[in-house]
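Contents: one structure, followed by commentary.
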Amino acid sequence: MKRLKLEEAILPPVVALLVALLVGDVLILSFGQSPAAVYRQLLEGTWGNAYGFGQVLYKATTLTFTGLSVALALRAGLFNIGAESQLAAGGFAAAIVGLALPVGLPALLVLPLYVLAAGLAGAVVGGIPGLLKARFGAHEVITTIMLNFIVLALLNYLISTRFKVHDTLHTAEIKSGALPRLSDFAAPFHGSAANTVLVLALFVAAASWWFLFRTRAGFELRAVGLQPPAAENAGVNVPGTWWRAMALAGMIAGIGGLNYVLGYKHYYEEGFSAGAGFLGIAVALVGRSHPVGVVIAAVLFATLSQGGLAVNALVPKQMVDVLQAVVIISMATAVPEVRRVLREAGSAKREARTAWPPPRSPLPASRFPQ
Amino acid sequence: MIRLTSIEKSFGPVRANRGASLDVADGEIHALVGENGAGKSTLMRILSGMFQPDAGRIEVNDRDVTGWHTADAIAAGVGMVHQHFMLVPTLTVTENVTLGAEITRNGQLDRGKAQREVQALVDRTGLVVPVQQRVADLTVGEAQRVEILKTLYRGARVLILDEPTAVLSPPEVKELWRVLRRLRDEGGTIVLITHKLDEVMAISDTITVMRQGETVGRLQTAATSPGEIAKLMVGRDVSLAGSAKRDAGSATTSSSALPAPRSPLPGLEVRDLRVASSRVANVVDGISFSVARGEILGIAGVEGNGQTELIEAIAGLRRVSNGSVLLAGRDVTRATVLERGDLGLSHIPEDRHERGLVLEYTVADNLILGQQQHFTRRAALDSGRIAAHARELIKTYDVRPSDPALPARALSGGNQQKIVIAREMGGARDFRVLLAAQPTRGVDVGAIEFIHAQLREARAAGKAILLVSADLTEVLALSDRIAVMYGGRIVAMVDGATASAEKLGPYMTGAAAA
Amino acid sequence: MIAFLAQTLRIAMPYLFASAGGVVSERAGLIGLTLEGYMLIAAFCAALGSYFGGNPWLGVLAGIGGGAAAGLLYGLCCIRYRANQVVVGIAINLFAIGITRFLLRLTFGSSSNSPRLPGFIESGTGFSALARNPLVWLGVLALPLVGWMLYRTPFGLRMRAVGEHPAAALSVGVPVHRIRWLAVALSGALAGLGGAYLALDQHQFTDQMTAGRGFIALAATIFGRWDPVRVALACLLFAAAETLQIQLQGAQLVPSQFVEMIPYLLTIIALAGVVARAVPPAALGKVNE
């Protein structure tokens, strides 16, 4: 039985990656290039040199946050499509706090403040759809998508009218608490955006794991996602769990904004999120909504993103966008299909064990003693 | 006209029909009776083409039609009205009736003509419904009439109705009889699936009785009685079990089989309880009873008479529209599930897959569901204690396989039920009152005996147990007192020692009201 | 005033087409997140067709084909393989962005836009210009035709049944799967017309040119409670707000960003049900018999 579960978990990502590889071959060939050469250049440009690897780490950091955000919501049975605006809101809040702080305070002192601000902003953006679902039953898919537009428009307004530095689309540089880049510690990373927020990402991933699998609240949240009536029977407040999960998801995505604002450019810039919120969905799916899987998937997708840049001379980097979408589609299709195939194959063995028809179906309900 | 012979049908290891047969003549109202699980619905779904038999023969008008599908059956004039309506709520009556066989003119829907035709059908059959109204706005009785109209519109001469009165009020039932009689008088044939004997006596011409998947009798209504029918329905063995209740099918003759002296302290009390469901306003219609400590009160009755909603209301999963629930003297009518648990209420839900277990969770995790707060230390779950707790319960309740890390989905139905029972009865909660709904449903014989022994032990230990079961043998074997539920009310309350299937049958099937 | 109405109509065109596709798709039970992707893919196909064919009508045909193909892809994943509609929907949108960008580089060697293509109207923006654009006439008719189909034909009745209670439809012999396939293909084709309109109206394809219009169309579909007449009014309302904002740009009465928010805010309010709550077709998003 354990083996079945492992297969169900691992096969779909493998299938999805194979399909993506196939599509990649087609795209590469259409540009008259050799797939082998392109893939090799992709690997060299990402894991083959320190700068590239640094870029991969940087991108993986943001994707870890958005991936965890979506994964957590999925564990509660919810779709968080709003990670994009939660991320942006978090980054913005951090930038504003940065502007208000006096100059030169040590990073370790003010870091909690930044985290709090970013997390709070993200939590609000995530919590609103959560509340709408809990109170009105409004489907969170639509409300998070709509709110994405609203929040991004609002941020655009705030930037362009009040907070922007003249002739740019970003805020002024923050005054204290900027975090060091990796290149400050290890010279080979010179030029890359990788920074110490990476450590924060790993910490949040570990904390998410601990929350989901070691705490009472996580236990109840997962039960709500898997079987709401059983959770209700176990005394869990299902609607309450929904909105708290959305707020938590929003918080995590919001904190992700610190990667850019605190660790890289030290200001908020319009459009910095660059689709990381939507990619977070892919990361959560491929990572099977498990914190460890999310981290691995984040590195994978970051490698693809950076790899696209590395091969841009040979094949348009947009190929990577296509591949990422193909991975999502294949994953979404493979999961139910793999499950169906595996269970049908194993069903003969298990028929005797789990054939219990529930009462409200056309099947007979009770057994009779002889 | 219609003949089914030696029909076999299995769903996995469950043999729903084993050599069942049916013989229906033209122009009669034929009742197909039996308890829940007797195989009546399955047999009729085979006749109507929804399922295909594994073996046996179907003949309609001397034509062998074995293995036909719904479309063929409809074309041949055999239509079925299901228990759960297949109506599109946002469409009108006319649209629902004509769906799939629409009336058109030049490719467009001819609404006027469709309405006129449906209205004509309504007038002809006496099935009064407002043809332009949306189905969502109809009463249940009207919706059922639309279902019947659907089959008649497609030319059904044979009408199969599956438990049609389950959702009707008495005047609506009378209305239905009027319609059925009219259809029969016009030459139609009607097969009525039911377990209610008062109805069988009132409306049918001929009766076929099924039990445990096979046909056990064919009677003429005019020449038989409810008692005779009930006996066939429930089986000859039962009278033995009824009189020698204490060793009914059970090898347990230990002292725990004797009822413990009942404490005068209240365990569970229900006063004038009224509960609504989504379809029916008073699915529990003013029920009062109490269960003393050290007593098992069994609620007998066919499913669908409000037992599910009653248990849900007591457990805190469903709102009460009137009345109160008291636990050890304290009013818990507005208390949450957790609060009731803390006050000592345990609940074995009737559907373990839906409410009882999270199948993807491990056995160990399922064993703390509803009690997770007791295994928490400063927000974190104490995995050591959870594992120890699981090992102990698995051993005591003999759950197999014994690995606490297996997902619950991997275990058999009986072992899954043991998990629920272990948790509710042996877990971290020191319970005072137990709600046991269908505790041995879908469970193998060995586990049944075990579960029954657990219930008896709990009674001996002074717990108050409310047992709800559609299995009359089980109720008779375990209960100190038995209440019969019919139509949302308690229609009989008898002493367990002297009760029998023959005595209770009429109350369960409403014949006592006939 | 006339100029205002003309501009509103011009802006509303893509919404009208795409929301017609949204109504068809969602009424049959399939979530319309893909409208954006359909439009973008179709816009590119229309650019290809018009540019290489030298004729805007070829562009229209290519746009319809591209949109319908995207719809069938969605159908394949969700109807045949029962994948989650939300996930696939978002993925198709991402795919559309990626593939159009990629093919833009491949075909025209540019990262930002295609060369100029022949359209229907070479110049002019008033009503007279609009009246000469055959796509405008199609667009005005799109939602009324969908309404006629839904409420006046047997196919439409069956489609509505499939979106509300597929089991009931199945029980009377309605071919549920076939109707769903037709719905996604039609939805893609209609949204595709919207994409074709965009590309031909602007005489080129630009990267991500749909810019969220597909989501506004979805918002209109929901805000209009899946009823073609109301949806059309919603499209016009949203377009009017945009026009107003553009024309008042100098006066700076309301910041443009807040006008942008209007469709999305209204949709959220509709879903939360402050006034009559928007209740979607009952079987929306579920394909499981």
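Protein chains in written order, with my numbering: chain E, 1 to 370; chain S, 1001 to 1514; chain U, 2001 to 2289.
Note that CB positions come from ideal geometry on N, CA and C, so glycine has one too.
Beta-carbon proximity list for residue i, same chain, < 6 Å, skipping 5 on both sides
| i | result |
| --- | --- |
| S/L1004 | S1021, L1022 and I1058 |
| E/V159 | The question names Val, but residue 159 of chain E is Ile in the sequence shown. Around E/I159: E270. |
| S/K1503 | none |
| E/V299 | A60 |
| S/H1347 | A1315 and L1435 |
| E/G24 | L323 |
| S/V1491 | V1484 and Y1507 |
| U/L2072 | A2185 |
| E/F163 | T171 |
Segment limits, beta strand (DSSP E) that includes residue i
| i | result |
| --- | --- |
| S/H1030 | I1029 to V1033 |
| S/Y1486 | R1481 to Y1486 |
| S/P1266 | P1266 to V1275 |
| S/A1020 | V1014 to V1024 |
| E/V103 | Premise fails: E/V103 is in no beta strand (DSSP E) and is neither H nor E. |
| S/R1211 | T1206 to R1211 |
| E/S183 | No beta strand (DSSP E) holds E/S183; DSSP gives it neither H nor E. |
| S/D1365 | Per DSSP, S/D1365 belongs to no beta strand (DSSP E); it is in the alpha helix (DSSP H), V1363 to N1366. |
| S/M1050 | Note, S/M1050: premise wrong, no beta strand (DSSP E); not H, not E. |
| U/F2120 | Note, U/F2120: premise wrong, no beta strand (DSSP E); not H, not E. |
Reference residue i; option with closest CA among the options
| i | options | result |
| --- | --- | --- |
| U/R2101 | U/N2093, U/T2034, U/G2139 and U/S2111 | U/S2111 |
| E/F31 | U/A2232, U/G2109 and U/Y2197 | U/G2109 |
| U/L2094 | U/R2105, U/E2036, U/L2073 and U/G2059 | U/E2036 |
| S/S1204 | S/L1467, S/E1008 and S/I1029 | S/I1029 |
| E/P13 | E/A345, E/V326 and E/R343 | E/V326 |
| U/P2263 | U/R2230, U/F2223 and U/V2229 | U/F2223 |
| U/V2086 | E/L342, E/P336 and E/A332 | E/A332 |
| U/L2145 | S/G1126, S/L1168, S/Q1108 and S/Q1144 | S/Q1108 |
| S/T1066 | S/A1076, S/A1075 and S/P1053 | S/P1053 |
| U/L2130 | U/L2005, U/S2025 and U/G2032 | U/L2005 |
| S/G1304 | S/H1195, S/R1423 and S/G1323 | S/H1195 |
| E/A187 | E/V19, E/N49 and E/I328 | E/N49 |
| U/M2159 | U/L2265, U/A2042 and U/A2183 | U/A2183 |
| U/A2189 | U/M2001, U/I2002, U/V2023 and U/K2286 | U/V2023 |
Bridge-paired residues (DSSP) for residue i
| i | result |
| --- | --- |
| S/Q1108 | S/R1105 |
| S/G1079 | S/L1159 |
| S/T1066 | For S/T1066, which the question treats as bridged, DSSP gives no partner whatsoever. |
| S/V1468 | S/I1299 and S/A1437 |
| S/F1450 | Answer is none; S/F1450 lacks a bridge partner. |
| U/E2036 | DSSP lists no partner for U/E2036. |
| S/I1287 | S/L1273 |
Own chain partners of residue i with C-beta closer than 8 Å, once the 5 adjacent residues on each side are dropped
| i | result |
| --- | --- |
| E/D321 | G308 |
| U/G2273 | none |
| S/F1450 | Y1397, D1398 and K1418 |
Extent of the continuous alpha helix (DSSP H) run through residue i
| i | result |
| --- | --- |
| S/D1342 | V1337 to D1342 |
| E/V294 | P291 to A310 |
| U/G2114 | Residue 2114 of chain U is actually Ser in this sequence, not Gly. Where U/S2114 is concerned, there is no enclosing alpha helix (DSSP H), given that its DSSP letter is neither H nor E. |
| S/A1313 | Q1307 to A1315 |
| S/R1145 | V1140 to Y1153 |
| S/Q1416 | G1413 to G1426 |
| U/L2106 | Q2085 to F2108 |
Whole-Å CB distance - residue i paired with residue j, under 8 Å assumed
| i | j | result |
| --- | --- | --- |
| S/A1313 | S/V1284 | 7 Å |
| E/G256 | E/T62 | 5 Å |
| E/A207 | E/L78 | Rounded, the Cβ-Cβ distance is 20 Å, inconsistent with contact. |
| E/N233 | S/L1406 | With a Cβ gap of about 21 Å, E/N233 and S/L1406 do not count as contacting. |
Beta-carbon proximity list for residue i, same chain, < 7 Å, skipping 5 on both sides
| i | result |
| --- | --- |
| U/I2090 | L2033 |
| S/S1250 | Because the pLDDT at S/S1250 is just 37, under 50, the model does not fix this residue reliably, and the value given afterwards should be weighed accordingly. Answer for S/S1250: E1449, H1452 and A1477, listed in chain order. |
Any non-hydrogen atom of the ligand MG closer than 7 Å to residue i Cβ
| i | result |
| --- | --- |
| S/E1303 | The ligand MG is not among the ligands present in this structure, which contains no ligands whatsoever. |
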